[in-house]
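Taking mature numbering (1 follows the signal peptide of the UniProt record, and there is no 0), I'd label the letters of the sequence shown as residues -22 to -1, 1 to 350. Have a look at the structure below, then the notes.
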Amino acid sequence: MLKNSLKIALFFSFLFAPNARSALNIGVIAPLAGEYQKVGEELVSGVRTAVDEINSQGGLKGEKINLIMVDDQCDDRIAVSTAQMMAVNVSERDKMSLVIGPYCSNALQKIAGIYAKAGILQIIPTSVSTSIQNGNYKGLVKMVGYKTRQAGDYFKFYQDHFPDRKVALIYDRNDKDVVEVAAAVQKLFADAGKTAAFQSYNFQNYDDDYDRIAEDVIRDGNKIAYIMGKSKRVARMAKSLKSEREDFIIFVNKYQAQKDFRDALGKRAEGTFVLSLPTLKDSPDFAETLVKLRLLGVEPEGLSVYGYSAVQLWQELVRKADSFKYDKLARALAENKFDTGWGEMMFNNGDPSNSISYGIYQIRNGEYTQVY
């Protein structure tokens, strides 16, 4: 922990050196190494594109934007330390105007409290835990809604396509966000009177013996598995199931099935169903932005559209508030409608009026094909 804190302290002492040029400071907090590196890089890419676009047009209200990227490694301790250090920089030159992220949100309540107390607007461009739902953070924007939305989208797809098949939910009980989604899935089956069609398993009860889990899952009559957890666990579990039965139907979350998943399964990844925030490329509300990005030579991929949209939302918020001040921005957030890539919306205590639905894709010929 001390080593990480020293790294962050050195980073910020360099960033806010006395000769640094005055600008609006935007921080983006995302994993830039490790198993979530790709999603972090996508978010940063989108934010950078939006910042470069604003700066090329003379800045926002005449102010240029200074982009600060922090790799929190999806480590809650680093994310909290980063928030604490950003909060103490209060001079006009050094203060943060906006923080985008963090991507990993196990410590989001504590982090949001730090930014709120410091008067720093925070936009989360990806789905968040419902643990933050009742917190009073007027400057926290949960741009796309909550992680549990994927449970509802999964269940609807299941009801439409596999209503008579038994489902195994295999998950990591030590991951709070995963447990939250797993509980939401289980509740949907129970509310629909389908408890007999659902059975849960967790990695810890089996000491990560993936082959033993696979044997039990198949012996119990399950035909479908929804696997949730860290990328390596998801990949190994899927591989064990496919080794037992080639035609076994598997659902995963895209952000938990990174390079490890393809490497482990190879051709057996074909047919896997993948839940993901939608690409927005086919959304009519995103069409104008898509054209603009392509004119800039940018083909948005994955979460980059959400990083880009977060900066665009902040820009629109500043213009409607006619200010960079936290209280005025928070008031404007509560009183106005905003255009996004998935429709016009308002925010109530930072919650979007139009929570974005997850897309469901299937891997076909090595590509993601949207099926829902």
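Beta carbons: idealized from backbone N, C-alpha and C, even for Gly.
Classification of residue i by the beta-carbon crowding that lies within 10 angstroms, buried from 16 upward
| i | result |
| --- | --- |
| Ser331 | exposed |
| Arg(-2) | Unreliable placement is indicated for Arg(-2), whose pLDDT of 48 sits below 50; no coordinate value is reported for it. |
| Asn343 | exposed |
| Lys95 | exposed |
| Thr347 | exposed |
| Arg55 | exposed |
| Asp263 | exposed |
| Leu273 | exposed |
| Glu322 | exposed |
| Thr318 | buried |
| Glu19 | buried |
| Lys120 | buried |
| Thr173 | exposed |
Backbone secondary structure at residue i - three-state DSSP
| i | result |
| --- | --- |
| residue 352 | Nothing about residue 352 can be read from this structure; the chain reaches only from -22 to 350. |
| Glu63 | Note that residue 63 corresponds to Met in the displayed sequence, not to Glu. Reduced to three states, the DSSP call for Met63 is helix. |
| Ala242 | helix |
| Gln340 | strand |
| Val22 | helix |
| Pro330 | strand |
| Ser75 | strand |
| Ala161 | helix |
| Phe135 | helix |
| Glu13 | coil |
| Phe167 | helix |
| Met215 | helix |
Residues that DSSP places opposite residue i in a beta bridge
| i | result |
| --- | --- |
| Ala94 | Beta-bridge pairing links Ala94 to no other residue. |
| Pro103 | Pro103 pairs with nothing; no bridge assigned. |
| Thr267 | Beta-bridge pairing links Thr267 to no other residue. |
| Phe229 | Tyr204 and Phe251 |
| Glu345 | Arg342 |
| Ala8 | Asp49 |
Whole-number beta carbon distance between residue j and residue i, since they are thought to touch under 8 Å
| i | j | result |
| --- | --- | --- |
| Gly123 | Ile334 | 6 Å |
| Ala288 | Pro103 | 4 Å |
| Tyr350 | Ile341 | Going by Cβ atoms, the distance from Tyr350 to Ile341 rounds to 14 Å, so no, they are not a contact pair. |
| Ala216 | Ile202 | Contact doesn't hold; Cβ gap of about 12 Å is too wide. |
| Gly24 | Gly285 | 3 Å |
| Phe302 | Ser75 | 6 Å |
Validate contact between the stretch 113 to 121 and the stretch 129 to 138 using beta carbons, cut 8 Å, 3 pairs: no
Evaluate contact between the stretch 241 to 259 and the stretch 66 to 84, counting only Cβ atoms and requiring at least three cross-stretch pairs below 8 Å. no
Okay, do the stretch 198 to 214 and the stretch 229 to 241 touch, 3+ Cβ pairs below 8 Å being the bar? yes
Check whether the stretch 84 to 95 touches the stretch 57 to 64, counting contact only when three or more Cβ pairs, one atom from each stretch, lie closer than 8 Å. yes
Validate contact between the stretch 2 to 17 and the stretch 39 to 47 using beta carbons, cut 8 Å, 3 pairs: yes
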